[in-house]
Every structure is written in structure tokens, then in C-alpha cells.
């Protein structure tokens, strides 16, 4: 189902504000790795937000999501202070791991391997 214009607008607002909150709380750079919010998708009633986190060079992604979930009360309070004028209720936030970056790296490795194999066959 396609998102409405309002869902997209609120999703972009939440993504911007959550990114800033993550930066202020030090969640964007942890243990030499980086965390960014790649997307925020909202339900049509704007009461639930699915936040997709992209992690780069984080050793245990699921443990990191659990660490962020432990701080969710503080994050949601800060978000409410920022978007309270635009929204009647702060959406319930659910965190998801965005593995698109991992997929891209795997595809690049496969293409490189295919190109190397083709180059090896041409040389014979």
C-alpha cells in the first residue's frame, strides 16, 4: 500500500528529528561504527512508526538495537518535545534493522568475483 502525502511528511520529520536526537545522545557513532536512520514508515493512522536503522561496522547489530531500545523512553520523550506542536500523539516506535547496505556489499563482491572469473577465462 502506498503511503499518503501526510505519512511521508511526518516520516521525514521523524527521521530528521530522530537523527538529531541520536546524534545528541551519541548513538550515531558507537565503538568505531556508525548508525543512521535510513527510513521511517508510518501506519495510516500515524500512531505507529517503523524506524529502519542502517549500521556500518557494528559488530553485533541485534545487541545494538537492544541497547537503543533500553533508551527508548528518553528518545521518545525528546521526540515528543520536538514534534509536540505538529502531532497530537507521538507514534509508538518500532526499530528494524535495515540490511540494504549489507546486501549491496554482497552484490558487489559477487559481481567482482564474476568479473574476475571472466577475466581469468579470457586469459586462457
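Residue numbers (the UniProt record's numbering): 1 to 124. Quick reminder that beta carbons are idealized off the backbone N, C-alpha and C, glycines included. Because the structure is a prediction, the values reported are computed rather than measured.
- Message: If contact is defined by three or more beta carbon pairs under 8 Å, each pair taking one atom from either stretch, is the segment 69-77 in contact with the segment 5-15?
- Response: Between the segment 5-15 and the segment 69-77 there are fewer than three inter-stretch CB-CB distances shorter than 8 Å, so the stretches are not counted as touching.
- Continuous alpha helix (DSSP H) assignments of at least 4 residues falling wholly in the segment 52-88: Runs of the alpha helix (DSSP H) inside the segment 52-88: 61-70, 72-83.
- Contact between the segment 105-117 and the segment 27-41: three or more CB pairs below 8 Å? Output reads no: the segment 27-41 does not touch the segment 105-117.
- Message: Looking at residue 30: is its Cβ nearer than 9 Å to the Cβ of residue 86?
- Response: Within the chain shown, the letter at position 30 stands for residue 30. Within the chain shown, the letter at position 86 stands for residue 86. Result no, Cβ atoms of residue 30 and residue 86 do not sit closer than 9 Å.
- Rounded straight-line distance, which links the Cα of residue 68 to that of residue 53: Reading the chain shown from its first residue, position 53 is the one you call residue 53. Reading the chain shown from its first residue, position 68 is the one you call residue 68. Residue 53 and residue 68: Cα-Cα distance of roughly 11 Å.
- Message: Suppose you measure from the CA of residue 33 to the CA of residue 61; what does that come to, to the nearest Å?
- Response: If you number the chain shown from 1, residue 33 lands on position 33. If you number the chain shown from 1, residue 61 lands on position 61. One C-alpha to the other measures close to 10 Å.
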